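Read through the structure below, which is laid out as structure tokens, and then see the notes.
There are 2 protein chains.
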Amino acid sequence: MAEYGHLKRVPMVTVKRLSRYLRALEKFQEKGFETVSSEELAGELNVKPSQLRKDLAYFGEFGTRGMGYSIPKLAEELRRILGLHRQWAIAIIGVGNLGTALLRYKGLNEKGFRIAALLDDDPEKVGSSRSGVHIFHIDDLPNLVKEKNIQIAILTVPAPAARAVADLAVKSGIKAILNFAPVSIKAPPDIAVMHVDISSELKILSHHLAELDLSGETVGYPIVEDNGE
Amino acid sequence: MAEYGHLKRVPMVTVKRLSRYLRALEKFQEKGFETVSSEELAGELNVKPSQLRKDLAYFGEFGTRGMGYSIPKLAEELRRILGLHRQWAIAIIGVGNLGTALLRYKGLNEKGFRIAALLDDDPEKVGSSRSGVHIFHIDDLPNLVKEKNIQIAILTVPAPAARAVADLAVKSGIKAILNFAPVSIKAPPDIAVMHVDISSELKILSHHLAELDLSGETVGYPIVEDNGE
DNA sequence: TAGATTGTTAATCGATTAACAATC
DNA sequence: TAGATTGTTAATCGATTAACAATC
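Structure representation (structure tokens):
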């Protein structure tokens, strides 16, 4: 999907794991460790050590043979690779339940990201603000993108509106979209689009449960182990 | 990850696409179509027709050569495969911003799913209810699972608590977990665990933006096309 | 030097895709 | 029968993994 401009094209799964490695590193750091081996770090994430090393190899050599990786150094490299030394401005489009929750969600307010604007088309909402962020009309998106230098759009609009809003975002100059609407978004190849499809994840679970049922495992009336442990 | 009990092991990506096919089918149905070809359906989802046919082939033969697929019939088959003819009971564990938003989120209240209980460890919340769903103490999980026949746990607790809560859920007999905490959950192989890692998705976008920047594309000060169209 | 652990290669595994025979 | 489109095979592509030489 996205072009990463490396010699070898970096798989998106690798980039995704990079951010998980970073999180695990920060945890190790909090515990006071200085150094970590690929085995320790990978173990934390249900990943093979060789996969971790392969993932890092796309970007350079960050370890010391015989020693492992310096935690602060590797963390810093990962932050750089992930672009987290910069500050990205986000617009949340669609101020419903989910949009409002994300606005207040800790994971979205980490270092590196700033929610710069909310947008909606409901006249009752436009003009007010939530958690100190102003709600603009969706038609203002092109101006906002320019004025506030917004790079990321989070789409929390209802499904029927999602495609049109995504098109508007792209036209406005947005280069990265995080889409929560259960709709496929089509965008030019230089635009990164990530889909978070909660209802679809749930259906995968449903499928799993149905299969368990077929295979004869009791579902719903489980044997609870004695809480002696 | 999950065992599906088929002759050929069904890849999880296939199951994920199945739920997207179903959604697209429902859209075609609303428009009044009777029949759809693999090319039309796949086109809607940026998927190759041969991939759609391959995905379906794991489960049976649902089309008619020369004709395509009957929309209501295929939709029904997909619902059956995905276990959506049944009703699954969900517990949302962690009644913060995200948990509350999901409670009210349309995608979680579709046919086939029912939010049967909320859980938290905050004494201020326990005992009250939200949107008509009672908030129990997290220690009640084992009883609730039995009494209310809960099969799915949605984890919206803070990261440090997530693993312990997941362990409790598994011990209580939960067979499917949808985890929103930025933590790797380890569970036995018969437990399906899906991760929704919003902060990680965001970092992938950040990486993409940083790469765009390196490759010389202006980020943040885009040329907005004239709105003549 | 001996032990540890990286970075990298090559083998394996699994998913995607094009192509086509089957058949409506 | 001719045209369309499926179901399935085989080829391709890409990601994972084991193994190991390099090197701290």
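Protein chains in written order, with my numbering: chain A, 778 to 1006; chain B, 778 to 1006.
We put the beta carbon where it would ideally sit given N, CA and C, even for glycine.
Values in this document were obtained by computation on a predicted structure and should not be read as measured data.
Can you confirm whether residue i, when its beta carbon is compared against all beta carbons of chain A, has any partner nearer than 8 Å?
{"i": "Gly-860/B", "result": "yes"}
{"i": "Thr-791/B", "result": "no"}
{"i": "Gln-928/B", "result": "yes"}
{"i": "Pro-959/B", "result": "yes"}
{"i": "Ala-878/B", "result": "yes"}
{"i": "Arg-770/B", "result": "Not covered by the structure: residue 770/B. The range shown for chain B is 778 to 1006."}
{"i": "Ser-814/B", "result": "no"}
{"i": "Leu-921/B", "result": "no"}
{"i": "Arg-940/B", "result": "no"}
{"i": "Arg-797/B", "result": "yes"}
{"i": "Ala-943/B", "result": "no"}
{"i": "Ala-987/B", "result": "yes"}
{"i": "Gly-1005/B", "result": "With a pLDDT of only 31 at Gly-1005/B, under the threshold of 50, the placement of this residue in the model should not be trusted, and no figure is reported."}
Within 10 angstroms of its Cβ, does residue i collect 16 or more other Cβ (buried), or is it exposed?
{"i": "Pro-959/B", "result": "buried"}
{"i": "Asp-864/A", "result": "The amino acid occupying residue 864/A in the given sequence is Gln; Asp does not appear at that position. The residue is exposed, with fewer than 16 neighbouring Cβ atoms inside 10 Å."}
{"i": "Ala-878/B", "result": "buried"}
{"i": "Gly-909/B", "result": "exposed"}
{"i": "Glu-854/B", "result": "buried"}
{"i": "Leu-979/B", "result": "buried"}
{"i": "Leu-986/B", "result": "buried"}
{"i": "Met-971/B", "result": "buried"}
{"i": "Ala-939/A", "result": "buried"}
{"i": "Tyr-790/A", "result": "Note that residue 790/A corresponds to Val in the displayed sequence, not to Tyr. Classification for Val-790/A: exposed."}
{"i": "Gly-809/A", "result": "exposed"}
{"i": "Ser-796/B", "result": "buried"}
{"i": "Gly-871/B", "result": "buried"}
{"i": "Arg-842/A", "result": "exposed"}
{"i": "Arg-856/B", "result": "buried"}
{"i": "Asp-832/B", "result": "buried"}
My guess is that residue i and residue j are in contact by the Cβ rule of under 8 Å, so how many angstroms apart are they, rounded?
{"i": "Asn-823/A", "j": "Ser-847/B", "result": "Actually they are not in contact, since the Cβ atoms of Asn-823/A and Ser-847/B sit about 41 Å apart, beyond 8 Å."}
{"i": "Lys-952/A", "j": "Ala-969/A", "result": "7 Å"}
{"i": "Arg-830/B", "j": "Ser-815/B", "result": "5 Å"}
{"i": "Leu-895/B", "j": "Leu-880/B", "result": "7 Å"}
{"i": "Asp-898/A", "j": "His-914/A", "result": "7 Å"}
{"i": "Val-922/B", "j": "Leu-932/B", "result": "Between Leu-932/B and Val-922/B the Cβ distance is about 14 Å, and since that is not below 8 Å, they are no contact."}
{"i": "Leu-859/A", "j": "Lys-888/A", "result": "Incorrect: roughly 11 Å between the Cβ atoms, too far for contact."}
{"i": "Ala-852/B", "j": "Leu-818/B", "result": "With a Cβ gap of about 11 Å, Ala-852/B and Leu-818/B do not count as contacting."}
{"i": "Ala-868/A", "j": "Ala-930/A", "result": "5 Å"}
{"i": "Val-813/B", "j": "Phe-805/B", "result": "5 Å"}
{"i": "Lys-850/B", "j": "Phe-839/B", "result": "7 Å"}
Could you compute how far the alpha carbon of residue i sits from the alpha carbon of residue j?
{"i": "Asp-1003/B", "j": "Gln-928/B", "result": "Residue confidence is low: Asp-1003/B scores 35 on pLDDT, short of 50, so the model does not pin down where it sits. Its coordinate-derived value is still stated next. Their Cα atoms are separated by approximately 52 Å."}
{"i": "Gly-904/A", "j": "Phe-836/A", "result": "45 Å"}
{"i": "Arg-786/B", "j": "Glu-988/A", "result": "12 Å"}
{"i": "Pro-788/A", "j": "Ser-977/B", "result": "15 Å"}
{"i": "Leu-890/B", "j": "Arg-907/B", "result": "Sequence check: residue 890/B is Phe here, not Leu. Approximately 17 Å between the Cα atoms of the pair."}
{"i": "Leu-991/A", "j": "His-984/B", "result": "43 Å"}
{"i": "Ile-975/B", "j": "Leu-885/A", "result": "8 Å"}
{"i": "Asn-956/B", "j": "Gly-950/A", "result": "33 Å"}
{"i": "Ser-827/B", "j": "Gly-820/B", "result": "11 Å"}
{"i": "Glu-811/A", "j": "Leu-918/B", "result": "39 Å"}
{"i": "Val-973/A", "j": "Gly-845/A", "result": "34 Å"}
{"i": "Asp-916/A", "j": "Ala-834/A", "result": "44 Å"}
{"i": "Glu-924/A", "j": "Ile-892/A", "result": "14 Å"}
{"i": "Val-934/A", "j": "Pro-900/A", "result": "15 Å"}
{"i": "Pro-965/A", "j": "Asn-920/B", "result": "51 Å"}
{"i": "Ala-946/A", "j": "Ala-866/A", "result": "14 Å"}
{"i": "Ile-954/A", "j": "Asn-926/A", "result": "15 Å"}
Report yes or no: is there a C-beta of chain B within less than 8 Å of the C-beta of residue i?
{"i": "Leu-833/A", "result": "no"}
{"i": "Lys-963/A", "result": "yes"}
{"i": "Leu-955/A", "result": "yes"}
{"i": "Glu-1002/A", "result": "Bear in mind that a pLDDT of 33 at Glu-1002/A, under 50, signals an unreliable position, so the number given afterwards is only what the model happens to contain. So, interface residue."}
{"i": "Asp-967/A", "result": "yes"}
{"i": "Lys-808/A", "result": "no"}
Discussion item. Please list, in chain order, the residues of the region 880-913 of chain A that have any C-beta partner in chain B closer than 9 Å.
Written reply: Within the region 880-913 of chain A, the qualifying residues are Leu-880, Arg-881, Tyr-882, Lys-883, Gly-884, Leu-885, Glu-887, Gly-889, Phe-890.
Discussion item. Which residues of the region 971-985 of chain B have a Cβ closer than 7 Å to any Cβ of chain A? Give them in chain order.
Written reply: Those would be Met-971, Val-973, Ile-975, Ser-976, Ser-977, Glu-978, Leu-979, Lys-980, Ile-981, Leu-982, Ser-983, His-984, His-985, in chain order.
Fill in: Chain-ordered residues of the region 819-832 of chain A with a beta carbon less than 8 Å from chain B
Close to chain B, meaning a Cβ-Cβ distance shorter than 8 Å, are the following residues of the region 819-832 of chain A: Glu-821, Leu-822, Asn-823.
Worksheet entry | Near-chain A residues of the region 863-877 of chain B (beta-carbon distance less than 9 Å), N- to C-terminal order | Taking a C-beta cut-off of 9 Å against chain A, the contacting residues of the region 863-877 of chain B are Arg-863, Trp-865, Ala-866, Ile-867, Gly-873, Asn-874, Leu-875, Gly-876, Thr-877, listed in chain order.
Discussion item. Under 7 Å, CB to CB, which of the residues in the region 840-851 of chain B have a partner in chain A?
Written reply: When C-beta distances to chain A are compared with 7 Å, every residue of the region 840-851 of chain B stays at or above that value.
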